[in-house]
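Each remark here refers to the structure printed beneath this line.
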Amino acid sequence: MSIVVTGATGSLGRFVIEGLLEKVPAEQITAVARSREKAAAFAARGVRIAIADYNDPETFDDLFAAGDKVLLISGTEFDKGRVGQHKIVLDAARAAGVALFAYTSAPGALTATLADDHRGTETAILESGLPYVFLRNGWYNENYTERLAPVLETSTVTQAAGEGRVASASRADYAAAAVAVLTGEGHENTAYELSGDTAWGFAEFAAELSRQTGGEIVYRPVSADAFSDILTGHAGLPAPIAALLTGMESAIEKGELAGADGELGRLIGRPTTPIADSIALALKE
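Those letters in the sequence shown? Residues 0 to 284, per numbering that gives the first Met the number 0, in order.
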């Protein structure tokens, strides 16, 4: 039996592999990646490496074995049909007869366009008949703390979320939840709604930045159209990605990412990481 993690060299996958290495022997872990070079550090620690691509079904042939526990980390190629990509992994896992198929999804109440692929993937997993776990991850602290440079340059937090609030947590928190599911018992056929312990608003985010930097940073709410223009213009993002992110702003304004029921903290056995802690870490880097 192996614990197989797809997207293992990505921003979430790396944390999952690190967490697994603290719980199980390295030889029981398989890290699936598209690049052997990016996975070299894990290979050096004894982790089995499998090279596969969500766009190439043949690369998943014989990758899984009966009894494996699989974590499918959702793809990030929004323009390539993520449900189809995910089905490639799912079909290979079903053919092998894996013992558990876990998937990093989105909050169940989320109506933003970004969630359509997750709903489609969850449906396919349910139809597969495999024992499943849906890890419905909320928003990451790092979605905001990893792009602080323009905020600090302009002393302005610009979002299209109005007075909406976000119950975010760190990637390490969500990774710890995946590790708990993959190494624990009794999680089969469960959907976990995961979020940070406390919801915060962007005015509070700006105030915390001001406190930690000693500057005066303000929150400037803008319209969805203006936000989209900023993403495609100043940030240079492709229009489809800008549309998805703008849709998430609308979801935040509607309160769809504000739920904080403590399920993530209970699953990982500790409080989730406050946004202030993630800000402090980002400012040190």
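Using N, Cα and C, we set each Cβ at its ideal position, and we do this for glycine too.
Please read all numbers here as calculations on a predicted model, not as lab measurements.
- It is roughly 16 angstroms from the alpha-carbon of Leu-181 to the alpha-carbon of Arg-47.
- Comparing alpha-carbon positions, the option among Lys-22, Ile-28 and Val-23 lying closest to Ala-7 turns out to be Ile-28.
- An exposed status is given to Glu-26, since fewer than 16 other beta-carbon atoms sit within 10 Å of its beta-carbon.
- Excluding sequence positions up to five before and after Ala-279, its CB lies within less than 7 angstroms of the CB of Gln-211, all in the same chain and listed in chain order.
- Counting of Cβ neighbours within 10 angstroms places Asp-116 among the buried residues, the total reaching 16 or more.
- Relative to Thr-58, the option among Arg-33, Thr-272 and Ala-166 whose CA is nearest is Arg-33.
- Taking a contact to require three or more Cβ pairs closer than 8 angstroms, the region 71 to 91 and the region 213 to 222 do not qualify as touching.
- Counting the other CB atoms within 10 Å of its CB gives Ser-227 a total of 16 or more, which places it among the buried residues.
- Assigned with DSSP and collapsed to three states, Tyr-218 falls in strand.
- Excluding its 5 nearest sequence neighbours in each direction, Ala-257 has C-beta neighbours in its own chain below 8 angstroms: Gly-163, Arg-164, Val-165, Ala-166, Ala-198 and Ile-251, listed in chain order.
- The alpha carbon of Arg-146 has as its nearest neighbour, out of Met-0, Ile-2, Glu-284 and Leu-193, the alpha carbon of Glu-284.
- Lys-68 has Ile-2 and Leu-99 as its beta-bridge partners, per DSSP.
- Looking from the CA of Leu-263, the closest CA among Asn-188, Phe-133 and Ile-229 belongs to Phe-133.
- DSSP places Asn-136 in the uninterrupted beta strand (DSSP E) bounded by 131 to 136.
- According to the DSSP assignment, Thr-153 belongs to no beta strand (DSSP E) but to the alpha helix (DSSP H) extending over 148 to 153.
- Between the alpha carbons of Thr-144 and Tyr-53 lies a gap of roughly 29 angstroms.
- The beta carbon of Gly-45 lies closer than 7 angstroms to those of Ala-25 and Glu-26 in the same chain, with the five residues before and after it left out.
- In its chain, beyond the 5 residues on either side, Ser-167, Ala-168, Ser-169, Thr-272, Ile-274 and Ser-277 have a beta carbon closer than 7 angstroms to the beta carbon of Asn-140.
- Taking each of Leu-109, Ser-127, Pro-220 and Thr-112 in turn and checking the Cα distance to Ala-101, the smallest one comes out for Ser-127.
- When secondary structure is reduced to three states using DSSP, Tyr-191 falls in the strand class.
- For Thr-120, there is no enclosing beta strand (DSSP E); the enclosing alpha helix (DSSP H) has its first and last residue at 115 to 127.
- According to the DSSP assignment, Val-180 belongs to the alpha helix (DSSP H) that extends over 170 to 182.
- For Ala-32, the enclosing beta strand (DSSP E) covers residues 28 to 32.
- Relative to Ala-171, the option among Ala-114, Ala-234, Ala-259 and Leu-19 whose CA is nearest is Leu-19.
- Straight across, the Cα-Cα distance linking Asp-260 with Glu-248 is about 21 angstroms.
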